[in-house]
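Okay, so here's the structure we're looking at.
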Amino acid sequence: MSNQSDLKFNPDLVDINRSKGYFVLLTVFTILIVLSTGTRIANKLYYRLKHGVDDYMIIVALAVNLAANILEYQSIDAGFGRHLQFLDNQQASTVKKLSQFTILLADISLWAVKISICFFLLSLIHNAYRLAHWVIYGLATITTISATCQAIFWGLQARPLDKLWKPEIPGSVSNTETLVVTIITFTAINSVTDLFYALAPLYFFRKLQIDLRKKLILYGLTGSGLLVFASSIIRVAYVKDFFDADYSWALYRVYMCTIVERNFAEVIADLPTIFPLLRSLRSKAREFFSRLSSRTSRSGSNGQSARNHNTSPSEIPRIRFNGPKTDRFGDFDLYGEDLRLNSNTVEYPEDVFPLRQTLPQRNYPRTDDNKNIMVNTTFDVQSHRSNAPAQQRGDQAVV
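Just so you know, the UniProt record's numbering puts 238 at position 238 of the sequence shown, and the rest follows in order with no gaps.
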């Protein structure tokens, strides 16, 4: 990054702040990582499941990402997204300092996420795919070495490090070309590991005996890591912006890609572990709304029936003696308070409608002396007059 002293004042520039989109993106991803990782950990705590190395590493990634996001908010407040010539020296120094520290935190966050994915894959394959174990361990080693080297190069940009954002103090600063070459080199290395983490499940799950639709969903969840790979490649296209002296304005796109990469990587790492819970919640929500819709429809039907009929409030179903029990579905044998009245069926007049049938679980099912299966149910019969509704209940049984 160039110094503020290298920038010449341009009277044609307008003081525009384009950090609003930056702020929205940052807020959305902050909410997403808290929800995804928080749900993952809470789900295991609720079901008392053992936490593995992958869970602890994703917690590290969450903590680092939240710290980086806080620094990004402070950078926006200091003037990031505005032209450097409209910032005072303190603001310019703060923006450069915070931008440098977010680069380091992004490196640590991506390392933690990738190590978490490695141990998650190891937990999936267990003792199968012995060769894959060594491949995963090898990639974890490469990821660790790459992240460590990137952190070392970051710390060696200036001596002392404060020289990066305080150009007035004595010391030396590496040229911008070194920083750009470092970013391109480690992006290439990280891209190779990103491809493996995204595509490895296609190999591991190919012989998994599950429904094809579920397998495709699983592939989609793990393969979504390609979006992280894409964001890192797009960022390389903008590394030339590091040469721009107006860094508070020019580096907007670079840091947008970095925000997407490090935060989205964590969300994707959480998806395979929380997806069963999301499916369960979706099923329960659909069932709830289905019941609610059914009740609303039934309530509307009963209300319409009430408006269309005008009968005596004291009228009850007529009892017709049929002799032997009929075989027609829907006929009931009538019960009194203390004694069953055998071989009776209820015939409803055409202006009376049964409102509800429930099956008491405590008495369901049972058999009588002749070993017939008995089912208890409760139904409502309601007749209406324009201003005097009445309701009668009778306990019934189906034989």
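The beta-carbon is built from N, C-alpha and C at its ideal position, and this holds for glycine as well.
Checklist entry - Do you know whose CA, among LEU195, ASN175 and SER248, lies nearest SER232's CA? => result LEU195
Next on the checklist: Give me, in chain order, the residues of the same chain whose beta-carbon lies closer than 6 Å to that of PHE29; leave out the 5 immediate sequence neighbours on both sides.
Outcome noted: ASN263
Checklist entry - Helix, strand or coil: how does DSSP classify ALA147 here? => result helix
Checklist entry - Does the separation of the CB atoms of CYS118 and ILE136 fall below 8 Å? => result yes
Item to check | LEU105 beta carbon less than 8 Å from that of VAL64 | outcome: yes
Checklist entry - Is the CB-CB distance between TYR129 and GLY81 below 8 Å? => result no
Checklist entry - Would the segment 107-123 and the segment 258-277 be scored as touching if the rule is three or more Cβ pairs under 8 Å? => result yes
Next on the checklist: One question on the structure: do PHE86 and ASP15 come within less than 8 Å of each other, judged by their Cβ atoms?
Outcome noted: yes
Next on the checklist: For LEU199 and LEU271, which I take to be in contact (beta-carbon distance under 8 Å), what is that distance rounded to the nearest angstrom?
Outcome noted: With a Cβ gap of about 16 Å, LEU199 and LEU271 do not count as contacting.
Next on the checklist: On a Cα-Cα basis, can you pick out the residue from LEU45, VAL236 and LEU26 that is closest to ALA67?
Outcome noted: LEU26
Checklist entry - Roughly how many whole angstroms lie between the Cα atoms of ILE125 and ILE41? => result 22 Å
Checklist entry - Would the C-beta of GLN150 count as close to the ligand ATP, meaning under 7 Å from any of its heavy atoms? => result For the ligand ATP, the structure offers nothing, since it holds no ligand at all.
Checklist entry - Can you tell which of GLU177, GLU72 and TYR252 has the C-alpha that lies nearest to the C-alpha of residue 418? => result Limits of the chain in this structure are 1 at one end and 399 at the other, which puts residue 418 out of reach.
Next on the checklist: Spatial neighbours of THR144 within its chain, please: C-beta separation below 8 Å, excluding the five flanking residues on both sides.
Outcome noted: TRP111 and ILE115
Item to check | Any 3 or more C-beta pairs closer than 8 Å across the segment 176-192 and the segment 227-242 | outcome: yes
Checklist entry - Using CA coordinates, which residue listed in ALA151, THR37, ILE31 and VAL173 is at the minimum distance from ILE70? => result ILE31
Checklist entry - With distances taken between CB atoms, is the gap from ILE183 to VAL228 smaller than 8 Å? => result no
Checklist entry - Excluding sequence positions up to five away, which residues of its chain have a Cβ less than 6 Å from the Cβ of GLY336? => result Per-residue confidence for GLY336 stands at a pLDDT of 39, beneath the threshold of 50, marking its modelled position as unreliable; no derived number is given.
Next on the checklist: Less than 8 Å between the beta carbons of LEU164 and GLN91, yes or no?
Outcome noted: no
Checklist entry - Buried or exposed: which applies to LYS50, given that a residue is buried once 16 or more other Cβ atoms fall within 10 Å of its Cβ? => result exposed
Next on the checklist: Taking the alpha carbon of SER123 as the reference point, which residue from ILE152, ARG279, VAL53 and SER146 has its own alpha carbon closest?
Outcome noted: VAL53
Checklist entry - Along the chain, where does the alpha helix (DSSP H) that runs through ASP77 open and close? => result 53-78
Checklist entry - Whose C-alpha, out of ALA269, ILE274, LEU278 and ARG291, is nearest the C-alpha of MET57? => result ALA269
Item to check | Close-in-space but distant-in-sequence residues of the same chain around SER75 (CB under 7 Å, 5 per side omitted) | outcome: VAL95, LEU98 and SER99
Item to check | Runs of alpha helix (DSSP H) lying entirely within the segment 193-274, each at least 4 residues, in chain order | outcome: 212-223, 226-236 and 247-250
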